[in-house]
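In the numbering used here, the protein residues as written are 67 to 159.
Take a look at the structure:
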């Protein structure tokens, strides 16, 4: 599995989009010939991805918003991003 560092900057690759799916009542990542249904937490995390902020900055923002332990959020976010990189719907810039 790809290791994600807090200094990494991640982005959605060309052809991948975060969209609200009104028919299913949620958010999805649309990729060529693939759709990934996101739960509320995943949507919140992925919506922070802008191709400019580091993973550490995204983690800090989520810590402020949810007032949760940084270590826990960092572990969850880096694991999620690593999985999305493996599925080729996220890339390290």
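All C-beta atoms, glycine included, are put in the ideal place defined by N, C-alpha and C.
| Item | Value |
| --- | --- |
| Beta strand (DSSP E) segment containing residue 100, residue limits | 100 to 104 |
| Proximity of residue 120 and residue 72 at Cβ, strictly below 8 Å | yes |
| Inter-residue Cα distance where the pair is residue 129 and residue 79 | 26 Å |
| Three-state secondary structure (DSSP) of residue 159 | coil |
| Those residues which DSSP pairs with residue 77 across a bridge | 157 |
| Where the beta strand (DSSP E) containing residue 83 begins and where it ends | 83 to 87 |
| Rounded separation between residue 69 and residue 99 - CA only | 26 Å |
| Three-state class that DSSP yields for residue 92 in the structure shown | strand |
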